[in-house]
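Structure record follows, encoded as C-alpha cells.
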Amino acid sequence: MAINLDRLTDFHHRAATVRKDRMELLAGNLANANTPGYKARDLDFKSAMQSARAEQSHSMSRTHDKHFSVEVRGAEEAMYRVPNQPDTGDGNTVDVQQERNAFLENAMRMQAGMTFLSGKLKGMKKAISGGGQA
Amino acid sequence: MSLFNVMNIASTGMSAESVRLNTTASNIANANSVSSSYDQTYRARKPVFAAEMDRAMNNYAKHSGKDLPPTSGGHGVQVLGVVESDKPLQVEYNPNHPMADKDGYIYKPNVNVVEEMADMMSASKSYETNVQVADTTKRIFRRVLQLGQGQ
Chain A
1 MAINLDRLTD
11 FHHRAATVRK
21 DRMELLAGNL
31 ANANTPGYKA
41 RDLDFKSAMQ
51 SARAEQSHSM
61 SRTHDKHFSV
71 EVRGAEEAMY
81 RVPNQPDTGD
91 GNTVDVQQER
101 NAFLENAMRM
111 QAGMTFLSGK
121 LKGMKKAISG
131 GGQA
Chain B
1 MSLFNVMNIA
11 STGMSAESVR
21 LNTTASNIAN
31 ANSVSSSYDQ
41 TYRARKPVFA
51 AEMDRAMNNY
61 AKHSGKDLPP
71 TSGGHGVQVL
81 GVVESDKPLQ
91 VEYNPNHPMA
101 DKDGYIYKPN
111 VNVVEEMADM
121 MSASKSYETN
131 VQVADTTKRI
141 FRRVLQLGQG
151 Q
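Chains as they are written, first to last, in this note's numbering: chain A, 1 to 134; chain B, 1 to 151.
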C-alpha cells in the first residue's frame, strides 16, 4: 500500500487555510477599529470549509491536450457582520471585544489543528522508521 | 502560508494608532501655547483613517464594473492625512498677558484636553490590541514551523 501523505494531511491543510483567511479578516477588523465607515467582516467557517472540501473533490486530471484546465476555487465569501449597535456615530461596525474574542478563538482552534497535524506527522514518521529508536 | 499578511495588517493598525497618539501628544503639549494673532495659533490636529479596502474596492469596481467587495482577505489601515480642526479658537481678553495684542486679546488653541485624553486612551488600547494580534500570529507561526519536529 502506497503511503499517501496528501490524504494524511489534506483535511488539516484545508482547515488551516480557512482559519488563516478568517484570521486575516479579523485582524483587518481589529486594525480598522477606529476607521470611520469601516464595516466589520467575517467568514462563516462551516460554509468556507465546505467549499474548501468541494474544491478538493473537484480535482480532475486532463487526459487530452484540448481539455480545458478546470480550476474550482471555492466561493468562500466574506460577509458583513450584523452590527450590535444601530448607530455608532461614524458608520464603523467593529465591536472590538467581539472581534478580539473571535480572533482568539480562531487562533486557538488553529493551534489545536496544528497539534493534531503534528501528531499525525509524528505517527507517520514512526511508521516509516519502523517504530524503533533510531 | 500567508500569515505574514496578518502581521502586515496588524502593523498598519499599529502605525496608524501611533500617528494618532503622536497628534494627541502634540495637541496636549500645545494646549496652552498662547499666541497674539489668530493665524499663528496652534490648531488641534486629527489624523484621518481610511481602510485600505476602499482602494481595493475602487480597483475592483474599475476593472469589473461591478460594485462588489473582493471576496476574501482583510484590510489594513491607511492614514490619509492629518487635518487641522476648524473649531473656533478661544479668544480671551487679558491685557496683562505678555503675548496680548494691541487690543488686549490673547488667542488660545482649540484643543479640548478632556477630549484628547479620551482619544489617547482609545488609541493606546487599539495599539495594544494590534500588538496582541501580532503576538498571537507569531505564536501560531512558530507552531507551524515546528510541525513534525521532535519525537
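The C-beta atom is built at its ideal place from N, Cα and C for all residues, glycine as well.
Once you ignore the five residues that flank residue i on each side, which residues in its own chain have a CB closer than 7 Å to its CB?
i	result
Tyr-93 of chain B	Gly-104 and Tyr-105
Arg-43 of chain B	Glu-84, Ser-85, Pro-109 and Asn-110
Just grab the DSSP bridge partners of residue i for me.
i	result
Ser-122 of chain B	Answer is none; Ser-122 of chain B lacks a bridge partner.
Lys-108 of chain B	B:Gln-90
Ser-35 of chain B	B:Tyr-107
Val-83 of chain B	B:Lys-46
Ala-51 of chain B	B:Val-77
Met-79 of chain A	A:Asp-42
What do you reckon, are the CB atoms on residue i and residue j nearer than 8 Å?
i	j	result
Val-48 of chain B	Leu-80 of chain B	yes
Arg-22 of chain A	Leu-43 of chain A	yes
Leu-156 of chain B	Ser-118 of chain A	A query on residue 156 of chain B cannot be resolved here, the shown segment of chain B reaching from 1 to 151 and no further.
Arg-45 of chain B	Glu-17 of chain B	no
Ala-27 of chain A	Val-96 of chain A	no
Tyr-38 of chain B	Leu-3 of chain B	no
Val-82 of chain A	Asn-29 of chain A	no
Glu-24 of chain A	Asn-5 of chain B	yes
Ala-50 of chain B	Thr-35 of chain A	yes
Arg-19 of chain A	Met-108 of chain A	no
For my contact list, residue i and residue j are in at a C-beta cut-off of 8 Å; report their separation, rounded to the angstrom.
i	j	result
Val-77 of chain B	Ala-31 of chain A	5 Å
Met-14 of chain B	Asn-130 of chain B	5 Å
Phe-103 of chain A	Val-133 of chain B	6 Å
Going by beta carbon distance, what residues of the same chain come within less than 8 Å of residue i, once the five residues before and after it are set aside?
i	result
Lys-120 of chain A	Leu-8, Thr-9 and His-12
Leu-5 of chain A	Met-124
Mapping the DSSP letters down to three states, classify residue i as helix, strand or coil.
i	result
Gly-130 of chain A	coil
Gln-149 of chain B	coil
Leu-68 of chain B	With a pLDDT of 48 at Leu-68 of chain B, under the threshold of 50, the modelled position of this residue cannot be trusted; read the value that follows with caution. Of the three classes helix, strand and coil, the one that applies to Leu-68 of chain B here is coil, per DSSP.
Lys-138 of chain B	helix
Leu-3 of chain B	helix
Leu-43 of chain A	coil
By Cβ distance, which residues of its chain are closer than 6 Å to residue i, with the 5 residues on each side in sequence left out?
i	result
Ser-35 of chain B	Thr-41 and Tyr-107
Gly-37 of chain A	Gly-91
Thr-24 of chain B	Glu-116, Asp-119 and Met-120
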